[in-house]
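*Asks:* Structure below; questions to follow.
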Amino acid sequence: EPEVTQTPSHQVTQMGQEVILRCVPISNHLYFYWYRQILGQKVEFLVSFYNNEISEKSEIFDDQFSVERPDGSNFTLKIRSTKLEDSAMYFCASTGQRNTEAFFGQGTRLTVV
Amino acid sequence: ELKVEQNPLFLSMQEGKNYTIYCNYSTTSDRLYWYRQDPGKSLESLFVLLSNGAVKQEGRLMASLDTKARLSTLHITAAVHDLSATYFCASDGQNFVFGPGTRLSVLP
């Protein structure tokens, strides 16, 4: 069964360092998303991506964040200078069409120390 | 701004009992999604409700959608311990917006 895969599963980084979280969406999907979930809290939308550009982004997705689809299969989220409050679980999701069921990856737990 | 609310936020129930989780949303969308999350795990799609009056059932869970009332319900019948998890509803405006989740504990 096709699935969204994310790497790494867990990343520990020092405050101020750059991190790149990687996602491989389901192969024929066209819409891609990043969400984050601070431990035990709400699932928060970060950004959506379609046709090689950002469709929408939330207030959380400031200049420290960027997304890229570098090679037609990977979908990455970069945080340029991590802060302690960036510690969270980051989920990638993809859908085949707009406003259909989203399939989520297993997440990357980011810990900023 | 699209808002999605759920209640209750915490639910502790005994095995064999029935209960309903409510999801209210502010958009005029016809679509509503339910997800399950086990601790430390990802979000697993449970139900996709695509129109007013839609009802879907899977095992002991049944979800329904009333777009006029902007309300979806997730009904649990004869709960078992394996249903213990956090349940999220999500609506879509431009993107999926999740409710705060309902943490369900089913006690023996």
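Protein chains in written order, with my numbering: chain H, 13 to 125; chain L, 4 to 111. All C-beta atoms, glycine included, are put in the ideal place defined by N, C-alpha and C.
Thinking R73 of chain L and S29 of chain L are a contact (beta carbons under 8 angstroms), I'd like their distance in whole angstroms, please.
*Replies:* Yes, R73 of chain L and S29 of chain L are in contact; Cβ-Cβ is about 7 angstroms, under 8 angstroms.
*Asks:* Scan the segment 57-84 of chain H for residues whose Cβ lies nearer than 8 angstroms to a Cβ of chain L and list them as they occur along the chain.
*Replies:* Listed by position along the chain: F57, S60, S67, E68.
*Asks:* Where does D69 of chain L fall in DSSP's three states?
*Replies:* In this structure, D69 of chain L counts as strand in the three-state DSSP scheme.
*Asks:* In the DSSP assignment, find the beta strand (DSSP E) that holds D95 of chain L and state where it starts and stops.
*Replies:* Unbroken beta strand (DSSP E) run through D95 of chain L: 88-95.
*Asks:* Could you tell me if I66 of chain H is buried or exposed, where buried requires 16 or more neighbouring beta carbons within 10 angstroms of its beta carbon?
*Replies:* I66 of chain H should be labelled exposed.
*Asks:* Helix, strand or coil, according to DSSP, for L42 of chain H in the structure here?
*Replies:* It is coil, neither helix nor strand.
*Asks:* At a Cβ cut of 8 angstroms, what residues of the segment 100-118 of chain H count as close to chain L, listed as they run along the chain?
*Replies:* Against chain L - using a Cβ distance shorter than 8 angstroms - the residues of the segment 100-118 of chain H are F103, A105, N111, T112, E113, A114, F115, F116, G117, Q118.
*Asks:* Out of L:K6, L:S67, L:G62, L:R39, which one is the CA nearest neighbour of K106 of chain L?
*Replies:* Position check: residue 106 of chain L holds Arg in this sequence, whereas Lys was assumed. Minimum Cα distance to R106 of chain L is reached at L:R39.
*Asks:* If I measure Cβ to Cβ from M65 of chain L and keep anything under 6 angstroms in the same chain, skipping five residues before and after, which residues do I get?
*Replies:* Cβ neighbours of M65 of chain L beyond the five flanking positions: H78.
*Asks:* Answer with yes or no whether the minimum CB distance from V83 of chain L to chain H is below 8 angstroms.
*Replies:* False, the Cβ-Cβ gap to chain H never drops below 8 angstroms.
*Asks:* What does a CB cutoff of less than 7 angstroms around Q26 of chain H pick up in its chain, not counting 5 residues either side in sequence?
*Replies:* Excluding sequence neighbours, Q26 of chain H sits near V125.
*Asks:* Between which two residues does the beta strand (DSSP E) carrying M27 of chain H extend?
*Replies:* Here M27 of chain H belongs to no beta strand (DSSP E), and DSSP marks it neither H nor E.
*Asks:* Give me the Cα-Cα distance between H41 of chain H and T107 of chain H, rounded to the nearest whole angstrom.
*Replies:* So the two alpha carbons sit approximately 5 angstroms from each other.
*Asks:* Taking the alpha-carbon of L12 of chain L as reference, which of H:Q18, H:F73, H:Y43, H:G52 has the nearest alpha-carbon?
*Replies:* Checked all of H:Q18, H:F73, H:Y43, H:G52; the closest Cα to L12 of chain L is H:G52.
*Asks:* Which chain H residues are close to P103 of chain L, counting only those with a beta carbon under 7 angstroms from its beta carbon?
*Replies:* Per Cβ cutoff of 7 angstroms: K54.
*Asks:* Quick one: what's got a C-beta closer than 6 angstroms to V79 of chain H's C-beta in the same chain, skipping five residues either side?
*Replies:* So the list reads V59, F61, L89, once near-sequence residues are dropped.
*Asks:* For Y36 of chain L, would you say it is in contact with chain H, using Cβ-to-Cβ distances shorter than 8 angstroms as the test?
*Replies:* It does; some Cβ of chain H falls within 8 angstroms.
*Asks:* Answer yes or no: does any C-beta atom of chain H fall closer than 8 angstroms to that of N98 of chain L?
*Replies:* So, interface residue.
*Asks:* Would the beta-carbon of F57 of chain H fall within 8 angstroms of that of S45 of chain L?
*Replies:* Against a cut-off of 8 angstroms, the Cβ pair of S45 of chain L and F57 of chain H comes out as no contact.
*Asks:* For a cutoff of 8 angstroms on Cβ pairs, would you count F13 of chain L as touching chain H?
*Replies:* With 8 angstroms as the cut-off, F13 of chain L does not count as an interface residue toward chain H.
*Asks:* Relative to chain H, which residues along the segment 36-64 of chain L have a C-beta separation below 7 angstroms, given in chain order?
*Replies:* Result list: Y36, S45, L46, S48, V51.
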